[in-house]
Amino acid sequence: MRRKTGSGKELIGGMALALLAGWSLLPLPAHAETREFPSKKAPLTVETLASGLQQPWSVEVLPEGGYLVSEKAGTLRLVRGGKISAPIGGVPAVATDGQGGLLDIALAPDFAESRTLYLTYSARGDGGAGTAVARARLSDDGTRLEDLTRIFLMSRLTPKGQHFGSRIAIARDGSLFFGIGDRGEGSRAQDPRDHAGAILHINPDGTPHKDNPFLGTSAGLAEIWSKGHRNPQGLAIDPKDGTLLTAEHGARGGDEINNPQPGRNYGWPLVSYGRHYSGAEFDLGSSAEGYEPPLYYWDPSIAPGAIAVYRGAMFPEWDGNLIVAALKYQLVARLERDEGGAIVSEERLFDGEFGRIRDVVVAPDGALLLLTDEANGALLRVSRDDTAD
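Each residue of the sequence shown is one higher than the one before, counting from 2 in our numbering.
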């Protein structure tokens, strides 16, 4: 049962260019199809743009056409015309233990001119591995990353293989928000001198943002925006009003949507809906003074992946809706909000039809792009079914 509480992201012409970009000869598979699905507000068509991806984690739409896709094992690929490129060179080495690997991609606001992008990934170092952020330039021919620079590495590494986070959301001023989970050690999420279990906020060069609550104090690390997050694998900014939103994994119940505010604490592991995996209740129950309630939560857990705010032309009926990918329940949740930002209803789409959904992005034309987290992963496009009555 679910409950709620609170309020308020083509083929370049010519075989010569295809060979230059290192395309593997992987045509759109014969079994790929376009399928129609009903929904409450608009009939939907789902098209397979590419399959044969290996546990893809993130997709971005390139302004020149095509898609940039990260694969968890540490590869970055271009997808154009149903074909998947050879691995792009220059990607940082990643730690692939457990949930670690190459994670999110985000294009800089001026990517069309600068070719700059950001990556999150699990990096090895003294003591184990931790979440890192790198900045790089995608070469003009799309075959390699240039000028790769690691701009952030979390403060304390561990051999544990879970809860790395980590999506990126780029604010209007070009700064980066991103999340890191508790790394399997819940108490770290309550320590303001630890990057684990936090939403972080940095400038494009990796320095702390001027609006961060602990900047210039000894109370916490300067990069931290908010604390008490278990494993935020979804992060988005509403392009209309700049609202920051997260989708976060709970334990046995308690998956959450939050609106992280500077210096606030979101409770993990002291406050949460649901229970610990052991069956034990949380120390302070489902709510307590000093800890922020979620905007919405699921019990039982759906295991949320990415979150997107729909502001597209294709589905005007969805304007302002939150679109959440789900891994465990293998679906996409569409959450309607009222004028005050409160989540008032949920529609579940594609339940069990495509497998584990890891990423969801709103494309420039208003279609949704989905990635399936499978050994034979797919890039899917969800559009309006114009043939429906």
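Think of the CB as a built atom: it goes at the ideal place given N, C-alpha and C, for glycine as much as any other residue.
Query: Whole angstroms are fine: how far does the CA of SER384 sit from the CA of ARG157?; Result: 43 Å
Query: Around the C-beta of ARG189, are 16 or more other C-beta atoms found within 10 angstroms, so that it is buried, or is it exposed?; Result: buried
Query: Return the CA-CA distance between PHE283 and VAL272, expressed in angstroms with no decimal places.; Result: 6 Å
Query: Would you mind sorting GLY67 into buried or exposed? The rule is 16 or more other CB atoms within 10 Å of its CB.; Result: buried
Query: Using a threshold of 8 Å, state whether the C-beta atoms of LEU381 and GLU48 are closer than that.; Result: yes
Query: At the level of alpha carbons, what is the spacing between ALA199 and GLN191?; Result: 9 Å
Query: Going by other Cβ atoms of all chains shown within 10 Å of its Cβ, with 16 needed for buried, is GLU224 buried or exposed?; Result: buried
Query: Just to confirm, are ILE238 and ALA314 a CB contact at a threshold of 8 Å?; Result: no
Query: Ignoring anything shorter than 4 residues or poking outside the region 266-348, list the alpha helix (DSSP H) runs there in chain order.; Result: none
Query: State the DSSP-derived secondary structure class of GLU199, mapped to helix, strand or coil.; Result: It is worth fixing the name first, because residue 199 is Ala in this sequence and not Glu. Correct three-state label for ALA199: strand.
Query: Which residues in the same chain as ALA368 place their Cβ atom closer than 7 Å to its Cβ, once the five residues preceding and following it in sequence are excluded?; Result: MET315, ARG382, VAL383, SER384
Query: Can you tell me whether THR373 is buried or exposed, with buried defined as 16 or more other CB within 10 angstroms of its CB?; Result: buried
Query: Relative to the alpha-carbon of ALA327, which residue among ASP256, ALA376, SER40, ASN266 has its alpha-carbon at the smallest distance?; Result: ASP256
Query: Would you call LYS228 buried or exposed, if buried means 16 or more other Cβ atoms sit within 10 Å of its Cβ?; Result: buried
Query: Output the boundary residues of the alpha helix (DSSP H) element that contains SER115.; Result: 112-115
Query: From the DSSP output, which residues share a beta bridge with ILE258?; Result: ALA248, TYR297
Query: Assuming LYS42 is part of the beta strand (DSSP E), what are its boundary residues?; Result: Careful: LYS42 lies outside any beta strand (DSSP E) and carries neither H nor E.
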